[in-house]
Each structure stands twice: as structure tokens, then as C-alpha cells.
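To start, the structure itself, in C-alpha cells.
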Amino acid sequence: MEPVITISALGDNYIYLYRYHRNNAFAVDPGEAGAVLEALEKHGLNLTDVLITHRHFDHTGGVGDLKDKTGCNVISGEQAEVLLDGNVKIQVTATPGHTRDSVCYYVQPTEEHSGLLFTGDTLFVGGCGRPIECDARTLWQSLRKLAALPNDTLVFPGHDYTQENYEFALTIVPDNPEVKSRLDEIKKIQRQGLPTVPSTILQEKTTNVFLNANKPEIKAALNMSNAADADVFTELRRKKNIFG
4 MEPVITISAL GDNYIYLYRY HRNNAFAVDP GEAGAVLEAL EKHGLNLTDV
54 LITHRHFDHT GGVGDLKDKT GCNVISGEQA EVLLDGNVKI QVTATPGHTR
104 DSVCYYVQPT EEHSGLLFTG DTLFVGGCGR PIECDARTLW QSLRKLAALP
154 NDTLVFPGHD YTQENYEFAL TIVPDNPEVK SRLDEIKKIQ RQGLPTVPST
204 ILQEKTTNVF LNANKPEIKA ALNMSNAADA DVFTELRRKK NIFG
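The opening residue of the sequence shown carries number 4 in our numbering; numbering runs sequentially from there.
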């Protein structure tokens with residue numbers, strides 16, 4: 004049984020349910036309540052907690068109704084670690100960039116699964132969020148924290164922008180075989196109507212141009228071979244904003 008249930012909502016949002024001890028579950032970034040309540044009933048789960056990566060409404064819109072209907076707790080990153088029944092340990096990492104208060108949640112590995120990383124709008128499959136309340140340098144530093152996690156960590160972002168992200172990547176590294184292959188894979192997944200998550204930290208370090216702003220090939224592609232890593236990342240983010 005997979006520990007994470009992926010719920011598509013609001014067009015391109017992902018909401019997640021993580022099931023743990025005795026049919027309990029926590030939700031991550033419930034932008035709407037209805038889809039979460041349906042999934043809880045379908046899978047026979049009891050919602051104990053809601054984890055919020057940042058305060059934007061498309062990630063929090065369902066919190067009030069879920070709290071009213073289930074009595075769940077709401078966790079929004081004030082603590083460094085969350086402990087749940089069944090020895091579930093969740094590390095909370097501050098990742099400012101998209102917003103000043105953005106956090107990511109890392110569920111420690113268990114016998115059933117490797118580490119799980121819920122990234123909100125900080126890290127996407129093949130991309131990253133827009134730095135709205137902070138500068139791009141701040142977001143770069145946050146992404147470096149995530150890249151340091153174990154390679155087998157499963158990555159669960161807040162949106163499905165995956166195909167667009169890899170199409171953008173090919174404007175930077177058009178001859179990169181791994182990026183080409185990954186885009187083909189994503190298109191096949193989408194044709195089947197399946198979510199494009201999870202990814203892994205290794206997959207992102209291999210094919211996500213934003214995580215590779217420190218690599219010589221990315222710098223050379225931008226004619227920035229002697230530039231600081233953060234400056235290269237800033238230029239990548241500027242180009243992506245124009246791309247869409």
C-alpha cells in the first residue's frame with residue numbers, strides 16, 4: 004500500500020494524504036476540502052493534521068472546512084520537528100523564496116518507504132517556484148538545502164507544471180539526452196491521465212536546470228561561465244518568467 008495518496012485539485016494543484024498509524028492521515032496543502040473529504044472516506048482514513056507549506060489560498064482554501072468537519076490540527080511550520088503517533092517524524096525546513104514563510108516537510112524514512120519531501124511551491128518536478136516575496140538568491144539557498152537530502156528522497160510538489168518545466172529546460176540545454184528522455188516520459192504519463200509525481204532528489208539533481216545552476220554546462224549555456232551560482236540561478240528564473 005502506497006503511503007501517499009495524491010489528489011489533483013484546482014486545475015494544477017496537488018494535495019497529499021499521508022497515511023500512518025491505525026488508519027490516521029495528515030493532509031498537505033489542502034486548497035479545497037471536498038476532494039480531501041472524498042479521499043478520506045474512500046480510503047477509510049481519519050484526518051489528524053493538516054500541514055501547510057505557505058499561506059497562499061490555493062494551498063490553504065480547504066483548511067477551515069477540514070478543521071470544522073474533522074477536528075484536525077493545523078501545522079504551519081512554527082516548529083523544527085513534528086512527531087505523530089506511530090513514531091512518524093517530520094522535519095520542518097524553512098525554505099524562503101516563493102514566500103518569506105515557505106517551509107518544506109521531510110518525513111523521515113521508515114521500513115515501508117524512503118524519505119518523503121513535500122515542497123509546496125519551492126521545488127517542482129523539473130522546476131521551482133517564482134520568488135514572489137524574496138529575491139531569487141534567497142530561493143537558490145533554499146533549493147540547495149533540499150538538494151542536500153538523500154538521493155532516494157521522494158519529492159511531492161504543490162503543482163503540476165512538469166511538462167512546461169522540461170520544455171523550458173530544453174531551451175537552455177537542447178541537446179541534453181536526460182532532459183529529452185524525461186520530457187518524453189512525462190508526456191507518456193500525462194497521456195495516461197496520471198500524476199507526474201513523485202520525483203526523487205536524484206532525478207531533480209539530474210534533470211532540473213534550476214538545481215544545476217552551479218554546473219559548468221548550465222553556466223556555459225547562458226554565457227555566464229565565470230558568474231556566481233546565485234546569479235546564474237537568477238538569470239534562469241528570469242528566463243522562465245518570460246517563457247511562462
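Backbone N, C-alpha and C define an ideal beta-carbon position, used for all residues, glycine too.
Backbone CA spacing between residue i and residue j [nearest angstrom]
i, j, result
"E81", "D234", "30 Å"
"T63", "Y17", "12 Å"
"K190", "Q166", "7 Å"
"G65", "T102", "20 Å"
"L186", "V176", "13 Å"
"A83", "D232", "28 Å"
"L40", "L69", "8 Å"
"C107", "T96", "5 Å"
"K148", "A224", "24 Å"
"F60", "E207", "27 Å"
"T98", "A151", "13 Å"
"L54", "Q195", "29 Å"
"K92", "I78", "14 Å"
"L146", "L86", "24 Å"
"C3", "A230", "Absent from the model: residue 3. The displayed extent of the chain is 4 to 247, so no value can be given."
"D71", "L197", "31 Å"
"A38", "K45", "11 Å"
"H24", "I245", "45 Å"
"Y164", "Q94", "25 Å"
"E188", "N90", "36 Å"
DSSP beta-bridge partners of residue i
i, result
"T125", "T125 is not bridged to any residue."
"D52", "F29, N76"
"F236", "In the DSSP output, where bridge partners are listed per residue, F236 has none listed."
"H24", "Looking at the DSSP assignment, H24 forms no beta bridge with any residue, so it has no partner."
"Y164", "Its beta-bridge partners do not exist; DSSP assigns none."
"I10", "I18"
"V158", "L120, S202"
Chain-order list of residues whose beta-carbon lies under 8 Å from that of residue i (same chain, five-residue window excluded)
i, result
"T156", "Y109, S117, G118, L119, L120, T203, I204"
"Y19", "V7, I8, T9, I10, A30, V31, D32, F121, F159"
"P134", "G100, H101, T141, L142, R240"
"H162", "D15, N16, Y17, D124, F127"
"P219", "S228"
"M4", "R22"
"T56", "V31, D32, H62, G80, S105, V106, C107, Y108, F121, T122, G123, D124, T125, G161"
"L173", "N179, V182, K183, L186"
"L58", "According to the sequence as given, residue 58 is Arg; it is not Leu. Cβ neighbours of R58 beyond the five flanking positions: S79, T102, D104."
Cβ shell of residue i (< 7 Å), same chain only, five flanking positions each side left out
i, result
"F1", "Given that the chain is displayed from residue 4 to residue 247, the structure contains no residue 1 and the question cannot be resolved."
"E115", "P6"
"Q193", "Q166, T199"
"G247", "E167"
"A42", "I8, I10, L20"
"K262", "Here the chain has residues from 4 to 247 only, and residue 262 is not among them."
Supposed close pair residue i, residue j - CB separation, criterion 8 Å
i, j, result
"N168", "G130", "3 Å"
"N26", "D88", "That pair is no contact at about 11 Å."
"G34", "L13", "5 Å"
Other residues of its chain near residue i: CB distance less than 6 Å, five sequence neighbours each side excluded
i, result
"K243", "F171"
"T210", "E181, V182, R185"
"N76", "D52"
"T73", "L50"
"E238", "L225"
"P112", "G118"
"A36", "G65, D68, L69"
"P201", "L157, V158, F159"
"G132", "H101, D124, T125"
Considering only residues of the segment 166-212, which uninterrupted alpha helix (DSSP H) runs meet the minimum length of 4 residues and lie entirely inside it, listed in chain order? Inside the segment 166-212, DSSP marks whole alpha helix (DSSP H) runs of 4 or more residues at positions 180-194, 204-210, from first to last along the chain.
Which runs of the beta strand (DSSP E) at least 3 residues long sit entirely within the segment 80-150? Give them in chain order. Segments of the beta strand (DSSP E) lying fully in the segment 80-150: 84-87, 91-97, 106-110, 119-123.
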